[in-house]
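Note that my numbering has the sequence shown beginning at 21, numbered continuously upward.
Where a beta carbon is used, it is the ideal one built from N, C-alpha and C, also for glycine.
Data first, discussion second: the structure below is written as structure tokens.
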Amino acid sequence: MFSAYMVASPNKSGKRGRTTPESPEEAAFLERYEAAEFERPSVTVDVVLLTVRNGELFTLVVPRAEHPHKGRWALPGGFVRIHEPLEDAAFRVLRTKCSLENVYVEQLCTFGEPDRDPRMRVISIGYFALVDARRFDQSHASPRRSGQGTMARVVVPWEGEAGGPVTLVSAETGEPMPLAFDHEDILGAAVRRIRGKLDYSPIGFQLLPERFTLLALQEVHETVLGRKLNKDSFRRRMLASGELAATGEMQSGVDHRPAELYRFLRRSAV
């Protein structure tokens, strides 16, 4: 199973995988091999960057300035370079198009319908990344990000883990934001994945700052799941999970009774 930040171990030459023939016979075979005789598709990565703000789920999209699908919105993505591992390509997309590093990243699945891209046969490896809203706001305000993308609210038309495409609306105007290619399906697959993992994996903590209240953690779960949760049972379950530690600190700058702050015990492992 793919896990966050999984990277193949380099061999003695410093490259991943085996790069030299095992025998003279294999070397001769490779010398004669004509790769150009076979049609080969192009490979891209598309990254679904998700964050939670004010009880709503948001993602980052970039405008398509060229054909195909000119004028539509697209997930941050790019073609995989010939000697580039897939996960490195996903990290590059996050760094160059989202100004984000050291965030939770996980491979989603492969999207390979023959006609998904009208230019040529393109297979896309989907990834999703989770980040708390404050970190995203800081990166989004960077001069490098100016004009490159925008946050859009994710509208999920199905319940539970039914799955299917989702739609986007502008966070500012509420107008629909049509997506290019099959990105509605990629985005829907990411929502389905995190909904399914929320109860058995601590990915919900990746949508929060380092210190958070139990109420903020519950709001993240409710936003991702698209339904309300019982406050008392949720609190008991989280405290009994062994994944939380009280910081001994309280909220500050609030106009109500300050709540205790907690942290995720295994955050550094991600």
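Report the rounded CA-to-CA distance for residue i versus residue j, giving the unit in angstroms.
i: T243; j: L77; result: 6 Å
i: P96; j: E45; result: 44 Å
i: D202; j: G98; result: 15 Å
i: Q271; j: H89; result: 46 Å
i: H241; j: G224; result: 7 Å
i: S190; j: R173; result: 6 Å
i: L188; j: L50; result: 48 Å
i: V175; j: E86; result: 26 Å
i: L285; j: L264; result: 6 Å
i: V290; j: E121; result: For V290, the predicted model reports a pLDDT of 43, less than 50, meaning its position is unreliable and no value from the coordinates is stated.
i: Q238; j: L249; result: 8 Å
i: Y282; j: R256; result: 14 Å
i: R165; j: P278; result: Per-residue confidence for R165 stands at a pLDDT of 43, beneath the threshold of 50, marking its modelled position as unreliable; the derived number appears in the next sentence. In a straight line, the C-alpha of R165 is about 35 Å away from that of P278.
i: G273; j: H103; result: 50 Å
i: E54; j: L207; result: 38 Å
i: P134; j: D205; result: 15 Å
i: G253; j: E195; result: The displayed chain sequence assigns Ser, not Gly, to residue 253. Between S253 and E195, the C-alpha separation is close to 37 Å.
i: H276; j: G132; result: 51 Å
Going by beta-carbon coordinates alone, are residue i and residue j separated by less than 8 Å?
i: L80; j: G169; result: yes
i: L150; j: Y124; result: yes
i: P177; j: V186; result: yes
i: G146; j: A209; result: yes
i: R92; j: A260; result: no
i: R52; j: A153; result: no
i: V82; j: K117; result: yes
Using CA coordinates, which residue listed in the options is at the minimum distance from residue i?
i: T71; options: A48, F148 and L281; result: F148
i: G268; options: I145, A153, R231 and T40; result: R231
i: M171; options: G273, N122 and A94; result: A94
i: S159; options: R256, W178 and L114; result: L114
i: R247; options: A55, D135, P278 and E181; result: E181
i: R155; options: M258, E54 and P229; result: P229
i: L245; options: E192, T233, G75 and L234; result: G75
Contact between the region 101-111 and the region 60-72: three or more CB pairs below 8 Å?
yes
Unbroken alpha helix (DSSP H) runs of length 4 or more, entirely within the region 239-282: which are they?
251-260
Mind listing, in chain order, the continuous alpha helix (DSSP H) runs of no fewer than 4 residues lying wholly within the region 103-164?
106-118 and 153-160
Does the region 51-63 come close enough to the region 210-221 that 3 or more CB-CB pairs lie under 8 Å?
no
Meets three-Cβ-pair contact criterion under 8 Å: the region 115-132 and the region 204-215
yes
Only counting runs of 4 or more residues, tell me where the alpha helix (DSSP H) segments fall wholly within the region 168-247, in order along the chain.
203-217 and 234-245
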